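K.L.:
Okay, handing you the structure first.
The following block contains the structure:
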């Protein structure tokens with residue numbers, strides 16, 4: 168196991184089967200040294216064995232819009248949850264803040280707006296029928312199962328708070344014949360197009376913030392990217408994909424790909440881009456959270472599009488895609504499929 172300590176389609180079918188209301192071998196790795204972490208209560212603690220609250224590394228600015236605290240159903244003391252923020256690259260007057268934690272049982276959140284008094288609160292998707300209680304300008308939200316929510320104050324969707332309440336996870340273990348690469352909590356400058364390898368699991372621990380992008384060059388198989396960490400590609404410019412991919416995660420020719428649990432933000436164009444030349448390839452995406460602002464930021468793009476970096480048109484036949492329990496904020500198609508995708512299942516997504 169390799170553990171990294173931090174330093175810092177044109178013919179297409181747009182699938183929107185979603186919950187929608189509004190909206191082995193040695194791996195050579197870049198040299199990365201230790202970083203510091205925010206300590207105190209936000210330290211990756213487990214509250215009564217039911218809530219995993221993750222650290223926030225130094226150097227990551229907190230949201231200037233919200234303060235969030237949580238406690239479990241045993242009414243333990245309120246614990247601060249770090250609130251991240253992403254600003255709209257096309258409209259500086261808009262932003263999105265979010266929290267991410269994992270739990271089982273029941274939790275209560277206390278949300279305090281930091282800039283404007285709270286007169287009204289709406290939680291989307293409305294299909295979940297979650298009614299917040301507002302007390303002294305603070306919104307209280309109770310959850311009894313993992314959810315992906317958008318909380319809007321005073322009728323405005325310009326500065327929502329996203330709640331990524333994940334199920335508890337079991338970190339992956341080293342397996343015979345597979346490599347395990349672990350990114351610990353903290354900041355990691357992995358650079359643009361960090362090269363992925365076959366038969367490898369990449370685990371982003373809760374509280375890990377990777378600055379860069381993942382890239383699967385050539386033919387790859389059996390790749391897993393999982394965890395509760397963040398992949399931040401905000402350094403990327405915006406351009407049309409035909410001029411070059413600027414994705415959070417992309418594969419030139421990927422088979423048996425699994426992406427689970429992480430949050431990806433601020434891609435230059437397609438957020439997740441997978442192409443497969445291998446017959447009967449499987450792509451499994453679950454509990455993925457995407458926040459994209461730029462034009463052409465398709466959420467999940469599985470197509471044969473002719474793009475500059477890999478101009479070989481056409482997926483193999485028999486490709487199978489499953490997208491489940493994902494949150495997608497996209498400035499283009501949310502999920503786009505093309506020739507070669509023989510079987511697809513999209514369920515329980517919030518867009």
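Numbering (my numbering), first residue to last: 168 to 518. Where is the CB? At the ideal position from N, CA and C, for every residue including glycine. In this text the structure is predicted, and so the values were computed from the model without any measurement.
#1: What beta strand (DSSP E) runs, 3 residues minimum, are completely inside the region 235-291?
#2: For residue 294, which three-state DSSP category applies?
#3: Below 6 Å CB to CB, which residues in the same chain sit around residue 279 once its five sequence neighbours on both sides are set aside?
#4: In three-state DSSP terms, what is residue 391?
#5: Going by DSSP, which residues form a beta bridge with residue 307?
#6: Mapping DSSP to helix, strand and coil, what is residue 531?
#7: Just reading off the beta strand (DSSP E) that residue 491 is part of, what are its end residues?
#8: Could you please give the first and the last residue of the uninterrupted beta strand (DSSP E) stretch that includes residue 421?
#9: Since I believe residue 330 is in contact with residue 316 (beta carbons under 8 Å), could you give me their beta-carbon distance rounded to a whole number of angstroms?
#10: Who are residue 377's beta bridge partners in DSSP?
#11: Determine, using beta-carbon pairs with one atom in the region 292-306 and one in the region 241-248, whether at least three such pairs fall under 8 Å.
#12: Between the beta-carbon of residue 167 and the beta-carbon of residue 394, is there less than 8 Å?
#13: Buried or exposed: where does residue 323 fall if 16 or more other Cβ atoms within 10 Å of its Cβ makes it buried?
#14: Helix, strand or coil, according to DSSP, for residue 367 in the structure here?
#15: Here's a check: name, in chain order, each residue in its chain whose Cβ is nearer than 8 Å to the Cβ of residue 209, leaving out the five neighbours to either side.
#16: What's the call for residue 415, buried or exposed, on a 16-neighbour Cβ count within 10 Å?
#17: Which whole-angstrom value describes the C-beta separation of residue 381 and residue 392, a residue pair presumed to lie in contact below a C-beta threshold of 8 Å?
#18: Going by beta carbon distance, what residues of the same chain come within less than 7 Å of residue 441, once the five residues before and after it are set aside?
#19: So what's residue 230 in DSSP terms, helix, strand or just coil?
#20: Reducing DSSP to helix, strand and coil, say where residue 512 ends up.
#21: Report buried or exposed for residue 203, applying the criterion of at least 16 other Cβ atoms within 10 angstroms of its Cβ.
#22: Closer than 6 Å by C-beta to residue 297: which residues in its own chain qualify, once you throw out the five before and the five after it? Chain order, please.
#23: Report yes if the C-beta distance between residue 257 and residue 463 is below 8 Å; otherwise report no.
#24: Do residue 513 and residue 486 come within 8 Å of each other at the CB atom, strictly closer than that value?
#25: At the level of alpha carbons, what is the spacing between residue 458 and residue 432?
#26: What number of angstroms, rounded off, separates the C-alpha of residue 325 from the C-alpha of residue 310?
#27: Please say whether residue 171 and residue 436 have beta carbons closer to each other than 8 Å?
#28: Between the alpha carbons of residue 444 and residue 482, how many angstroms are there, rounded?
#29: Assuming residue 232 and residue 264 are in contact, meaning their beta carbons sit under 8 Å apart, how far apart are those beta carbons, in whole angstroms?
#30: What residue range is occupied by the uninterrupted beta strand (DSSP E) comprising residue 317?
#31: Judging by CA-CA distance, which residue of 375, 288, 465, 515 is the nearest neighbour of residue 497?
#32: If you compare alpha carbons, which of 405, 368, 401 is closest to residue 387?
#33: Cα separation between residue 535 and residue 447?
#34: Is it the case that the Cβ atoms of residue 271 and residue 333 are separated by a distance below 8 Å?
#35: Cutting at 6 Å between CB atoms, please list the residues of its own chain near residue 494, excluding the five before and the five after it.
#36: Measure the Cβ-Cβ separation of residue 413 and residue 404 and say whether it is below 8 Å.
P.N.:
Concretely, from the data shown:
#1: Segments of the beta strand (DSSP E) lying fully in the region 235-291: 246-248, 251-254, 262-270, 274-280, 288-291.
#2: If DSSP states are grouped into helix, strand and coil, residue 294 belongs with the helices.
#3: Only 234, 305 meet the Cβ criterion.
#4: strand
#5: Paired residue(s): 277, 300.
#6: Nothing about residue 531 can be read from this structure; the chain reaches only from 168 to 518.
#7: 486-491
#8: 416-427
#9: 4 Å
#10: 355, 398
#11: no
#12: No statement about residue 167 is possible, as the shown extent of the chain runs from 168 to 518 and does not include it.
#13: By the neighbour-count definition (other C-beta atoms within 10 Å, threshold 16), residue 323 is an exposed residue.
#14: strand
#15: Its pLDDT being 35, under 50, residue 209 is placed unreliably in this model, and the value from its coordinates should be taken loosely. Excluding positions up to five away in sequence, the list reads 220, 221, 222, 223, 246, 247, 248, 249.
#16: buried
#17: 7 Å
#18: 418, 421, 424, 450, 469
#19: coil
#20: strand
#21: For residue 203, the predicted structure reports a pLDDT of 29, less than 50, and the residue's modelled location is therefore unreliable. The matter cannot be settled from this model.
#22: Within the same chain, Cβ atoms closer than 6 Å to the Cβ of residue 297 are found at 290, the five residues on either side in sequence being excluded.
#23: no
#24: The Cβ-Cβ distance between residue 486 and residue 513 does not fall below 8 Å.
#25: 5 Å
#26: 24 Å
#27: no
#28: 5 Å
#29: Right, their Cβ atoms sit about 5 Å apart.
#30: 314-320
#31: 465
#32: 368
#33: Not covered by the structure: residue 535. The range shown for the chain is 168 to 518.
#34: No.
#35: 315, 456, 517
#36: yes
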